[in-house]
Amino acid sequence: MSAGHHHPIYRPADTPVHRLPPQCKLAAVVAFAVFVVATPRERVWAFALDALLLAAVAVAARVPAGAIVRRMVIEVPFVLFAVAIPLIGTGERIQVLGLSLSAPGLWAAWNILAKATLGVVASILLAATTEPRMMLLGAERLRLPRLLVQIATFMLRYLDVILDQMRRMRIARESRGFVARDLRQAPVLAKSAGALFIRSYERGERVHLAMLSRGYTGEMPTIRDISATGRDWAVAGMLPCLAAVTALLAWSTT
Amino acid sequence: MTSGSPSLTVSRLAYAYPDGTQALYGVDLTIERGERVALLGPNGAGKTTLVMHLNGILTAGHGTVEVAGLAVRADTLREIRRRVGLVFQDPDDQLFMPTVREDVAFGPANLGLRGAELDRRVHDALERVGMLDAIDRPPHHLSFGQRRRVAVATVLAMEPEILVLDEPSSNLDPASRRELAEILKSLDVTVLMVTHDLPYALELCERSLIMSEGVIAADGPTHALLADERLLAAHRLELPYGFAVPAQPG
Ligand SMILES: Nc1ncnc2c1ncn2[C@@H]1O[C@H](COP(=O)(O)OP(=O)(O)OP(=O)(O)O)[C@@H](O)[C@H]1O
Ligand SMILES: [Mg+2]
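Structural data, given as structure tokens:
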């Protein structure tokens, strides 16, 4: 019935990075991003160092560069935004290839691009080495709001069911001669979307009843033990610590 | 504790949905410990509505439900839900956790079990339905029949007093249908099974109830009820084409 389940971003393997408890990796990535953002943008070498740190993680986790680059399309909106800033920015202007660009605008663009890229790559590495399910358990461990974690858990579980329902509705539409050719067909699609919403909503109600039937009282029991040792935290902590050192060096040199 | 009481006693149970539809008009039935009973009846007879009362998802408008001597009331719900294992018709509604192991553990963990005892419950339940191999797989990777079996395991893990199944054989291919029958026969719990599959009722349950328009219209040996053509016709029940009730219950 359901059309196979895959999280193409996750790359199963057995490396030290994969084995780390998810909460350690999550915390490490967040801290890393914070230190990168705190690094002054003029110290280009500091960002190169941060990039090297991530490269080392990628090697340890055996995530090939190609896989990372393919996932980076998520960054495209940032890139477009960054390209626009030097064109429309004010202040001192410099000439590049006959274009008059704003110097502060260029720095702002670099700032966004460099920091966003490092953050995105760190997140990709996290996702490539941590099953979505484990990520959520880790989030719960880090005391993220339980309700949010539960919602995400259900989305993960029912994504395939809903996609499958969508596929069946599309087949039903098309087998009755519907072709989505231009905008005039939009009302039909909108109605299908509405029906899908109602079906999903009703499913949610039935799932809730099933949960109540098995003694659910509003809190998910934690079943899987994913506790982290001091060593786990120390290993995962290396990445943000080195990024913090880099940021400190960048601030103290002029 | 209450081993003398029947597994299930329903008396004068009436219920109307909030929109005014009267679904149950006074249902009386008793199921003894260890019995396997089929609940038959046409679409809209009120079978699912009755089932939802058995573990307090719906609360009686009138009348009472008792499980092993304990009345279903707001303050007994927790214990009632431990005693009544409900298997829903669509296993996708029942299996909501990311892995089979976590799903089967959900119920007993809500009862407060942890650690080795929890693991034992999960293993035993999956073993009884022959799905131990799938313990670490996500439910949506399983076939429909396998999901139905895991759904049965999720309630077996709570070690219920009575197992209630809503149309367990629907959408199963013949082999899965037979496998499920074997599992149900091998269990030593009280079973109440809602079904439109009359041969299945005959195979699994010595006794059947016919529900019609919100009341229990007939109660007796499955064999006798299914042999009574006039009774079946009066309640929109039909044996499959070519199926004849064997002369002697076997
Ligand atoms: N949520 C609801 N709101 C209002 N009326 C309902 C609701 N659910 C069921 N009913 C009505 O209650 C009556 C009994 O329905 P019920 O679902 O219990 O029948 P059933 O015996 O399970 O039928 P089926 O064999 O089709 O599953 C029907 O008339 C139905 O239309
Ligand atoms: Mg029903």
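As they're listed, the protein sequences go chains A and G. So for the first sequence, this note's numbering puts the first residue at 1; every next one is plus one. So for the second sequence, this note's numbering puts the first residue at 1001; every next one is plus one. Just so it is clear, CB atoms sit at the ideal spot from N, CA and C, and this is done for glycine as well.
Would the beta-carbon of G/V1087 be found less than 8 Å away from any heavy atom of ligand 2?
Your numbering for residue 1087 of chain G matches position 87 in the second sequence. Every heavy atom of ligand 2 is 8 Å or more from the Cβ of G/V1087, so no.
Taking 8 Å as the cut-off, is the C-beta of G/V1194 nearer than that to any heavy atom in ligand 2?
Residue mapping note: residue 1194 of chain G aligns to position 194 of the second sequence, counting from 1. Yes, Cβ of G/V1194 sits closer than 8 Å to a heavy atom of ligand 2.
In this structure, how does DSSP classify A/I94 when only helix, strand and coil are distinguished?
By one-based count along the first sequence, residue 94 of chain A stands at place 94. Three-state DSSP puts A/I94 in a strand.
Are the C-beta atoms of A/Y158 and some chain G residue less than 9 Å apart?
To locate residue 158 of chain A, count along the first sequence from 1; it is residue 158. With 9 Å as the cut-off, A/Y158 counts as an interface residue toward chain G.
A/A38 beta carbon near ligand 1 (any heavy atom closer than 8 Å)
Start at 1 with the first residue of the first sequence, and residue 38 of chain A comes out as number 38. False, no ligand heavy atom lies under 8 Å from that Cβ.
Taking only three categories from DSSP, how would you classify G/E1066?
Numbered from its first residue, the second sequence carries residue 1066 of chain G at position 66. Of the three classes helix, strand and coil, the one that applies to G/E1066 here is strand, per DSSP.
Given a cut-off of 9 Å on the beta-carbon distance, is the pair A/A127 and A/R71 in contact?
Translated into positions along the first sequence, residue 127 of chain A becomes position 127. Translated into positions along the first sequence, residue 71 of chain A becomes position 71. Against a cut-off of 9 Å, the Cβ pair of A/R71 and A/A127 comes out as a contact.
Taking the C-alpha atoms as reference points, what is the distance between G/T1021 and G/P1091?
As a position in the second sequence, residue 1021 of chain G is number 21, starting the count at 1. As a position in the second sequence, residue 1091 of chain G is number 91, starting the count at 1. Distance between the alpha carbons of G/T1021 and G/P1091 is about 27 Å.
Is G/P1168 near ligand 1, going by C-beta to nearest heavy atom under 8 Å?
As a first step, residue 1168 of chain G is located in the second sequence; it is residue number 168 there, counting from the start. The answer is no for G/P1168.
Where DSSP assigns a beta bridge to G/P1221, which residues make up the other side?
Mapped onto the second sequence, residue 1221 of chain G falls at position 221. The partner list for G/P1221 (beta bridge, DSSP) reads G/R1207.
Proximity below 9 Å, CB of G/T1149 to CB of G/E1179:
In the second sequence, the residue the question calls residue 1149 of chain G occupies position 149. In the second sequence, the residue the question calls residue 1179 of chain G occupies position 179. A small fix is needed here, since residue 1149 of chain G is Arg in this sequence, not Thr. Closer than 9 Å, so yes.
Roughly how many angstroms separate the alpha carbons of A/V179 and G/L1008, rounded to a whole number?
Reading the first sequence from its first residue, position 179 is the one you call residue 179 of chain A. Reading the second sequence from its first residue, position 8 is the one you call residue 1008 of chain G. Spanning the two alpha carbons is a distance of roughly 54 Å.
Tell me whether A/F197 is buried or exposed, calling it buried when 16 or more other Cβ atoms sit within 10 Å of its Cβ.
Position 197 of the first sequence, counted from the start, is the residue given in the question as residue 197 of chain A. Classification of A/F197: exposed, given that the 10 Å Cβ count is below 16.
Proximity to A/T90 [Cα-Cα], best of A/L80, A/L101, A/R206 and A/D164:
Here residue 90 of chain A refers to the residue found at position 90 of the first sequence. Taking only the C-alpha atoms, the option nearest A/T90 is A/L101.
Whose Cβ in chain G lies nearer than 7 Å to the Cβ of A/Y216?
One-based indexing of the first sequence puts residue 216 of chain A at position 216. The answer, in chain order, is N1110.
Tell me whether A/S100 sits in a helix, a strand or coil according to DSSP, three-state version.
Working through the first sequence from its first residue, we reach residue 100 of chain A at position 100. Three-state result, A/S100: strand.
Alpha carbon to alpha carbon, what distance is there between A/V17 and G/E1117?
Against the second sequence, residue 1117 of chain G aligns to sequence position 117. Against the first sequence, residue 17 of chain A aligns to sequence position 17. So the two alpha carbons sit approximately 32 Å from each other.
Please identify, using Cβ separations under 8 Å, the residues of the region 195-211 of chain A that lie next to chain G, in order along the chain.
R203, R206, V207, L209, A210 and M211
Alpha carbon to alpha carbon, what distance is there between A/T130 and A/A13?
Position 13 of the first sequence, counted from the first residue, corresponds to residue 13 of chain A. Position 130 of the first sequence, counted from the first residue, corresponds to residue 130 of chain A. Spanning the two alpha carbons is a distance of roughly 10 Å.
Taking 8 Å as the cut-off, is the beta-carbon of G/T1048 closer than that to any non-hydrogen atom of ligand 2?
The count along the second sequence starts at 1 and reaches residue 1048 of chain G at position 48. Checking every heavy atom of ligand 2 against the Cβ of G/T1048, one is found closer than 8 Å.
Please tell me whether G/H1140 has its Cβ less than 9 Å away from any Cβ of chain A.
Indexing the second sequence from 1 puts residue 1140 of chain G at position 140. True, the Cβ-Cβ gap to chain A drops below 9 Å.
When burial is assigned at 16 or more other CB atoms within 10 Å of the CB, is A/G194 buried or exposed?
Working through the first sequence from its first residue, we reach residue 194 of chain A at position 194. So A/G194 ends up on the exposed side.
Could you check where the beta strand (DSSP E) with G/M1131 kicks off and where it finishes?
Here residue 1131 of chain G refers to the residue found at position 131 when the second sequence is read from its first residue. That residue, G/M1131, is in no beta strand (DSSP E); it is neither H nor E in DSSP.
For the region 160-182 of chain A, list every residue whose C-beta sits within 8 Å of some C-beta in chain G, in sequence order.
D160 and V161
Which same chain residues, not among the five before or five after A/A244, have their C-beta less than 6 Å away from its C-beta?
Counting from 1 along the first sequence, the entry for residue 244 of chain A is found at position 244. Once the five neighbours on either side are set aside, the close Cβ partners of A/A244 are F35.
Just mark G/H1053 as buried or exposed, buried being the case when its beta carbon has 16 or more other beta carbons within 10 Å.
For the purposes of this step, residue 1053 of chain G is identified with residue 53 of the second sequence, where counting begins at 1. Buried, since its Cβ has 16 or more Cβ neighbours within 10 Å.
At a CB-CB cut-off below 8 Å, which residues of chain G make contact with A/S227?
If you number the first sequence from 1, residue 227 of chain A lands on position 227. Correct list: empty, because the minimum Cβ distance to chain G is about 13 Å.
Should A/G4 go down as buried or exposed, given a rule of 16 or more other Cβ atoms within 10 Å for buried?
Stepping through the first sequence from its first residue, residue 4 of chain A is reached at position 4. In this predicted model, A/G4 has a pLDDT of only 40, less than 50, meaning its place in the structure is not dependable; the value taken from the coordinates is given anyway. Flag for A/G4 reads exposed.
For A/Q95, count neighbouring Cβ atoms within 10 angstroms of its own Cβ and tell me buried if that reaches 16, exposed if not.
Here the question's residue 95 of chain A lines up with position 95 in the first sequence. Exposed, by the Cβ-count rule.
Along the chain, where does the alpha helix (DSSP H) that runs through G/P1090 open and close?
Within the second sequence, the letter at position 90 stands for residue 1090 of chain G. Note on identity: in this sequence residue 1090 of chain G is Asp, with Pro being the wrong assignment. Premise fails: G/D1090 is in no alpha helix (DSSP H) and is neither H nor E.
Since A/S213 contacts G/R1081 with CB under 8 Å, what's their CB separation in whole angstroms?
Numbered from its first residue, the first sequence carries residue 213 of chain A at position 213. Numbered from its first residue, the second sequence carries residue 1081 of chain G at position 81. Rounded, the Cβ-Cβ distance is 6 Å, consistent with contact.
Assumed close pair G/H1140, A/V161 - CB separation to whole angstroms, cut-off 8 Å:
Counting from 1 along the second sequence, the entry for residue 1140 of chain G is found at position 140. Counting from 1 along the first sequence, the entry for residue 161 of chain A is found at position 161. Yes, they are in contact, since the Cβ atoms of G/H1140 and A/V161 sit about 7 Å apart, within 8 Å.
Return no unless some Cβ of chain A is closer than 9 Å to the Cβ of G/H1053.
Here residue 1053 of chain G refers to the residue found at position 53 of the second sequence. No, because no Cβ of chain A sits closer than 9 Å to the Cβ of G/H1053.
Reference A/V120, options A/L54, A/G237 and A/I171, closest by Cα
Along the first sequence, read from residue 1 onward, the residue named residue 120 of chain A stands at position 120. That would be A/L54, whose Cα lies nearest to the Cα of A/V120.
Exposure of G/Q1094, with buried meaning 16 or more beta-carbon neighbours within 10 Å
Translated into positions along the second sequence, residue 1094 of chain G becomes position 94. It counts as buried.
Assign G/S1143 to one of three DSSP states: helix, strand, or coil.
Within the second sequence, numbered from 1, the residue matching residue 1143 of chain G stands at position 143. In the structure shown, G/S1143 sits in coil (DSSP, three-state: anything other than H, G, I, E or B).
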